[in-house]
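Have a look at the structure below before the remarks.
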Amino acid sequence: MLKGIITLLIFQFIGESITALFSILIPGPVIGMVLLLIFLLIRKSSFHSLDTTVGFLLRYLPLLFIPAAMGIITQLDVLSKEFFAIFMALFFGTLIALAFSAKLMDYLSNKKEINNEL
């Protein structure tokens, strides 16, 4: 499990370093996770300690949302002032994501049917 934690931390460090070096607006952990994905795709498999670590972290993932929920509670005055704008952004963002996902699924299912006919 230690090897898995170290692997995750190394990729996070690389991502943070890239963000700091090139002044990119993308968060370092996101870049690190993309690099980890590329590493695992090239390797074509994972390893046991990484799987164990990720399973452990996913098991306790809901605990990571508690600080975010507390932050929302402390900002209730801002939320009440900007409720309409936040609601509209969430509503239209959800509609756009839903429409894009539906169109993508339609495209992929049609592509699969065409490949099955060949």
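Count the sequence shown with the numbering used here and you get residues 406 to 523, in order. The C-beta atom is built at its ideal place from N, Cα and C for all residues, glycine as well.
Beta-carbon proximity list for residue i, same chain, < 6 Å, skipping 5 on both sides
i: E421; result: G433
Rounded distance between the beta-carbons of residue j and residue i, thought under 8 Å
i: L455; j: T412; result: 6 Å
i: I410; j: T458; result: 5 Å
Enclosing alpha helix (DSSP H) for residue i [first to last residue]
i: L466; result: From DSSP, L466 is part of no alpha helix (DSSP H); its letter is neither H nor E.
i: K486; result: L481 to K486
Proximal residues to residue i (C-beta, below 7 Å), its chain only, five neighbours per side dropped
i: A425; result: none
i: L440; result: F416, I419 and G420
Distance cut-off 7 Å: residue i Cβ against heavy atoms of the ligand HEM
i: F427; result: Within the structure as shown, the ligand HEM is missing, as the structure has no ligands at all.
Flag this pair as touching only if the stretch 409–423 and the stretch 433–447 have three or more C-beta atom pairs under 8 Å; answer yes or no. yes
Taking the runs of the beta strand (DSSP E) that are 3 residues or longer, which of them lie wholly in the stretch 406–445? none
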